[in-house]
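Numbering (the working numbering), first residue to last: 16 to 115.
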């Protein structure tokens, strides 16, 4: 679980284009703490797992390796962005149904 959590934190951080320093500032911790998490040397506290999940818009279960599904929070999106996502999902479903 420790290695999986470490890998997921690093991948999520990199997907945002954030450095370890930027993530550490957002969490109010040292860069070396983030580095230790990503190296699998230590694991974030329960509070920091929750904060990471909120920052990365995923679930704590995903971060801890209990779930392989990464979630997407629609809370930070505009109505127009949400509508575009639904249109894309409908289009993907349409393509799937017509390629069978």
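Glycine is no exception: its CB is placed at the ideal position from the N, C-alpha and C atoms.
*Backbone secondary structure at residue 62 - three-state DSSP*: helix
*Cα-Cα separation between residue 64 and residue 94, rounded to whole angstroms*: 29 Å
*Helix, strand or coil: how does DSSP classify residue 52 here?*
helix
*Report the three-state DSSP secondary structure of residue 90 (helix, strand or coil).*
coil
*Keeping to the same chain, check which residues put their C-beta closer than 7 Å to that of residue 67; ignore five residues upstream and five downstream.*
24, 59 and 78
_DSSP-derived helix/strand/coil call for residue 13_ = The question about residue 13 has no answer here: the residues shown for the chain are numbered 16 through 115.
*Are residue 28 and residue 38 close, meaning C-beta to C-beta below 7 Å?*
yes
*Return helix, strand or coil for residue 114, following the three-state DSSP convention.*
coil
*Which of helix, strand or coil does DSSP assign to residue 95?*
helix
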